[in-house]
Amino acid sequence: MAAEDPDHAKPSKDSDPSKDSEPSQATRDDVAEAQDPGDDVPDGAEAAETAEVTRSLRGLSTELTARVPRLLEAMRSVGTGLELHSTLDRICETAAELAHARYAAIGVVDEEGEGLSDFVTYGVPEPVAHEIGRRPDGHRGLLGALIHDPRPLRLADLTSDPRFDGFPPGHPLMRTFLGVPIRVQGEIFGNLYLAEKDGGDEFSDYDLHLVRVLATEAGIAIGNARLYEAARQRERWIDGSVAVTTALLSGGDADDALTVVAEQARRLAGAAAGIVLLPAEGGGLEIVAVSADDPTDSLGLIVPAQSPVVGMLLGGEAVFVDDSATDTRMITRLADPFGPNMLLPLHSGGRVLGALATPRARGDRPFTETERTLAAQFASQAALALMMADAQRDRERLAVYEDRDRIARDLHDLVIQRLFATGMMLESAQRRSDVPEVQSGVGRAVDELDVTIQEIRTAIFALQQEPAEAPSGLRTRVLREINMAAVPLGFKPSHRFVGAVDSLVGELTGKNLIAALREALSNAFRHAGAARIEVVVDATVTLDDGRDAVRLSVADDGVGMPEGGRRSGLRNLARRAESLGGASWFEPGIGEGGGGTTVVWQAPL
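Quick note on the numbering used here: the sequence shown kicks off at 595 and runs consecutively.
In structure tokens:
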């Protein structure tokens, strides 16, 4: 500050630096230039702008000199921290304190340079901000003019400016105004706005100079914060991709793995929902996994093939929507509550396996180009993991089929033949015995052997049956699961159907009921040690809210539910039921004195 600037007039010998003095002629010219709305900041880097502002500070009065320490402290404060949004909040607060302004805001210019992608405020209470509602988009009015003409601007009454477009309802009254552009690495990042200087005074030329210096420092801090935020954002998306790949290749339930994809996509995109869609049998895309506050409304919904979005996604093209509720390409009710949306194809190796959607709530900020790129990379990684998981499941299914063929051959060639021979020997012994009790007992044993042979033949038929050969009726699929479970259990569970099961139960509910039955039978085999199991499918149930439902009950006479035991299987059953609007629980079993366990699973038809 002590160096003399040849562009400014030297102070007179009689001047007293301890007293406030009028600015020099050069200073007044500089101030007038700064006050002129036509004054633009040079297009060079921040260093050039800093040099220009520093030159304009030299020779100013002691009022400004006294405020320089506060400016330096403000610059230090702005430069602390790396999180972008907190940095913007800190800049607003620091600028308001430095210029004695009641209100401050930063409008972040969107990537197209046509509006605002974010608007950070200081001094506006939360209830007032809530009453105002949607924040300015910068497409019109004074804020829009500053986007297209980013120059320092100082107004005694912003409402008298011809570019002023009025305040929205609930907005506090503002008169005095100061606006300064913020540049990051030479590019316009946004504008810093100040309003309502303390005491009703106008913002001075000193305020303008100080805020311009602060804006230069803010540009550097914002640049650092953006780099840090971009690095963290990429790290989060990479971690999310790893989580999805691990879930898909862990060999767990495929539906659970797809739910992980939806959950990770929602979290990483900051979306209101994460939705996975797979091709439907009759065309279009079916929603198979949802992560949202209320997933039951959309699970199982099919987006028809005539939707323009479906054609683009199945063709491998990403779709980006600014407002789902008003975009003509979104033709289903699913889009009504949402705003910005990313719809990404899950394609890998030339195949489109499905799609991933991450809609935000209405009024939320649109997705940036960086977010779109990272989300597309995430979708590609998820698609690759899906393909690898499908290949892994195919190998596992092939191994299971081979094992089933071997078991079926062994049962037919060894077990049935031995049982048949044993039965013949018993019949021979029965004929040779003269004791009626012995004849009667041997006869009952032979009958039991005949029943056992018939059950084994049924199990052999089920083992040799290909999945594609199985009829699609729910009753048949339940019987198939029961026959399959008879092999490891050593006995065939009894079963009972109530109501028109095949015609009443929908496909989505039926698919989840079969999965719940498989889980319950598996738990009974592995943990219950049961000698008897009863399966009941009742399609005449009514839920508490009056909806018609189907109820599955799997009861055994085993050891019952141990205290403190694992509940992962029961949690899976509950999650399936709740995703459909139903419920699942367990009750006492059918053993003596209520021994064993009864697993109950129900969902709307």
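From the three backbone atoms N, C-alpha and C, an ideal C-beta is built for every residue, glycine too.
- Comparing alpha-carbon positions, the option among H765, G894, H742 lying closest to L928 turns out to be G894.
- Only residues of its own chain outside the window of five on either side were considered, and among them P902, V903 have a CB closer than 6 Å to the CB of R923, listed in chain order.
- The straight-line gap separating the alpha-carbon atoms of Y697 and L682 is approximately 14 Å.
- Assignment of G773 by DSSP, reduced to helix, strand and coil, places it in the strand class.
- If the five residues before and after R1170 are omitted, its C-beta is found closer than 7 Å to the C-beta atoms of N1106, A1109, A1110, all from its own chain and listed in chain order.
- E875 and L737 have their C-alpha atoms some 51 Å from each other.
- Contact check between the stretch 953-968 and the stretch 996-1005: fewer than three CB pairs, one atom from each, fall below 8 Å, which does not count as touching.
- Fewer than three Cβ pairs drawn from the stretch 1026-1043 and the stretch 1083-1100 lie within less than 8 Å of each other, which leaves the two stretches out of contact.
- Counted as a single uninterrupted DSSP element, the alpha helix (DSSP H) harbouring E1075 occupies residues 1068-1083.
- Across the set A693, G909, D921, E725, the C-alpha of A693 shows the shortest separation from the C-alpha of A809.
- Inter-residue distance for G948 and D984 is about 13 Å (C-alpha atoms, whole angstroms).
- Restricting attention to beta strand (DSSP E) runs no shorter than 3 residues, the stretch 811-873 encloses them at 868-873, ordered along the chain.
- Using a Cβ-Cβ distance cut-off of 8 Å, the stretch 831-841 and the stretch 851-863 are in contact, since at least three pairs of beta carbons, one from each stretch, lie closer than that value.
- For I741, no beta strand (DSSP E) run applies; the uninterrupted alpha helix (DSSP H) run containing it begins and ends at 735-742, by DSSP.
- Cβ atoms of L1098 and A1133 come within 8 Å of each other, at about 5 Å.
- Taking R954 as the centre and dropping the five residues before and after it, the same chain places the C-beta of A865, A866, G933, P934 closer than 6 Å to its C-beta, in chain order.
- In the three-state DSSP reduction, R745 falls in the coil class, being neither helix nor strand.
- Look at the beta carbons and you see the stretch 757-770 touching the stretch 722-735: at least three pairs across the two are nearer than 8 Å.
- The three-state secondary structure of M1018, taken from DSSP, is helix.
- In its chain, beyond the 5 residues on either side, no residue has a beta carbon closer than 7 Å to the beta carbon of R989.
- The beta carbons of A789 and T770 sit about 6 Å from each other, so the pair counts as a contact at 8 Å.
- With 16 or more other CB atoms across the displayed protein chains lying within 10 angstroms of its CB, E1113 is buried.
- In this structure, G1123 keeps its C-beta atom at 8 Å or more from the C-beta atom of G1084.
- Residue state for A899 is assigned as coil, using DSSP reduced to three classes.
- Shortest Cα-Cα distance from R806 to any of L786, L978, G793, G707 involves L786.
- Taking 8 Å as the cut-off, the Cβ atoms of V915 and M906 do not count as close.
- Counted as a single uninterrupted DSSP element, the beta strand (DSSP E) harbouring L937 occupies residues 935-942.
- In terms of Cα proximity to M1155, the closest of A1143, E1181, D1139, D799 is E1181.
- Only residues of its own chain outside the window of five on either side were considered, and among them I816, A819, R820, Y822, E823 have a CB closer than 8 Å to the CB of L678, listed in chain order.
- In the DSSP assignment, G948 falls within the beta strand (DSSP E) that extends over 945-951.
- Counting C-beta atoms within 10 angstroms of its own C-beta, Q1196 has 16 or more neighbours from the protein chains shown and is therefore classed as buried.
- Between C686 and V714, the CB-CB gap stays under 8 Å.
- DSSP lists L710 as the beta-bridge partner residues of V703.
- DSSP places S1178 inside the beta strand (DSSP E), whose first and last residues are 1177-1182.
- The beta-bridge partner set that DSSP reports for S754 is empty.
- Annotated three-state conformation of R923 is coil, per DSSP.
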